[in-house]
Ligand code: GCU
């Protein structure tokens, strides 16, 4: 699948791909084609959950809708896919919360380093409609909205050859970050040289030594092969950034109430299945990375990393004061679910 990555956007460009997709007619023997794009491999929990969604919706409404899932960046990078969803060339895509920050400032909040005190606090906050709804709805004017969130674990640094035990170890290293101002700022504070690029470019950039490392959850080591090149993975736990399933507003608004209810049930199912699969997939990834790829896992003191990034919370609240009530609600969850280490 990797070989075909980005072939379509490379041939067409996003604009022409949009035209080509809508030119396909969007219907198959009277059934409406519903296209969903994402950037993960077929064995990734995201794809497994989307296949369950396809099965569920088609079991209820198979005479009306044909769900088609496009994994592995077949429809382009996440930024490309968000634009395709915006225009309605495709109906849904999965985008990292980081990418959405450039479409609505509200998404900046979930990109803050050390925002959540524990995985439980993160899950409780993301399941709290008072927290997510104002954010999920904030892109409606731009033509899309979020319909559910998808767990993407905790992001940590990993490098080709330098063990990261403290922020000082990042000094002088080129580290790939996602294309978001928050991630660039975080890297600047931590002392590394932020190198923003799309997810699909990272493996080659690591292999050719254009970058010294990257930061992501454990799945990137195995599912994306980064552990073949990077031998040190350090649990500094800097971010818990969710993935977000977004849908084209016109598509969602055109659904009858009955069909919309089925789709909503399907979105809930995606979240449930992915979260169950995620726990198993991360365990398997750690095992494979350690035993087959020779990746060494390090557990540095996270405090110096956290303290270095602390100023970003105040900076964000100053820049976007409207986000303060949501930020405060997250702190309530943090108090109820403090760090496992405390
Ligand atoms: C994770 C996340 C993706 C994201 C990627 C990245 O894999 O699930 O949505 O694209 O990180 O670092 O770009």
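Numbering (the numbering used here), first residue to last: 5 to 346. Positions of the beta carbon are idealized from the N, C-alpha and C atoms, including for glycine.
### Per-residue DSSP class, three states only, for residue 41
strand
### Query
Near residue 215, what residues of its chain come up, given a Cβ to Cβ distance below 6 Å and the 5 sequence neighbours on each side ignored?
178, 180, 199 and 209
### Message
Runs of 4 residues minimum, wholly inside the segment 154 to 218: which ones carry the alpha helix (DSSP H) assignment?
### Response
185 to 194 and 206 to 211
### Task
Please report the residue range of the alpha helix (DSSP H) in which residue 266 lies.
261 to 295
### Query
Which partner residues of residue 98 appear in the DSSP bridge assignment?
DSSP, once it has assigned bridges, lists 249 as partnering residue 98.
### Task
Give every residue of the same chain whose Cβ lies closer than 7 Å to the Cβ of residue 192, excluding the five residues on either side of it in the sequence, and list them in chain order.
198
### Task
Throw me the rounded Cβ distance for the residue 164 and residue 153 pair, which I believe falls under 8 Å.
Beta-carbon to beta-carbon, residue 164 and residue 153 are separated by about 32 Å, too far to satisfy the 8 Å threshold.
### Task
Alpha carbon to alpha carbon, how far is residue 46 from residue 122? Give it in angstroms, no decimals.
29 Å
### Query
What first and last residue would you give for the alpha helix (DSSP H) that runs through residue 63?
49 to 65
### Query
Quick one: what does DSSP say residue 84 is sitting in, helix, strand or coil?
helix
### Query
What's the gap between the Cα of residue 87 and the Cα of residue 78?
Distance between the alpha carbons of residue 87 and residue 78: 14 Å.
### Message
Taking the beta carbon of residue 319 as the centre, do at least 16 other beta carbons fall within 10 Å, making it buried, or is it exposed?
### Response
With fewer than 16 Cβ atoms within 10 Å of its Cβ, residue 319 is classed as exposed.
### Message
For residue 29 and residue 255, what's the separation of their Cα atoms in angstroms?
### Response
Residue confidence for residue 29 is low, a pLDDT of 44 falling below 50, so the modelled location carries little weight and cannot support an answer.
### Residue burial classification, residue 100 (beta-carbon count within 10 angstroms, cutoff 16)
buried
### Among 158, 139, 160 and 157, nearest to residue 150 - alpha-carbon criterion
Looking at the Cα atoms, 139 is the closest of the given residues.
### Message
Alpha carbons only, please: which of 239, 269, 278 and 300 is nearest the one belonging to residue 170?
### Response
239
### Query
Given 8 Å as the limit, is there contact between the segment 31 to 51 and the segment 69 to 83, that is, 3 or more CB pairs closer than that?
Yes, since at least three Cβ pairs between the segment 31 to 51 and the segment 69 to 83 fall closer than 8 Å, the two stretches touch.
### Message
Helix, strand or coil, according to DSSP, for residue 93 in the structure here?
### Response
coil
### DSSP state of residue 341 mapped onto helix, strand, coil
coil
### Query
Got a sec, what are the start and stop residues for the beta strand (DSSP E) residue 74 sits in?
69 to 74
### Task
For residue 134, name the three-state secondary structure that DSSP assigns.
Helix, per DSSP.
### Query
DSSP on residue 223, reduced to helix/strand/coil?
Taken through DSSP and simplified to helix, strand or coil, residue 223 comes out as helix.
### Query
Rounded to a whole number of angstroms, what is the C-alpha to C-alpha distance between residue 218 and residue 113?
22 Å
#### Entry: Backbone secondary structure at residue 301 - three-state DSSP
strand
### Message
What residue range does the alpha helix (DSSP H) around residue 320 cover?
### Response
315 to 323
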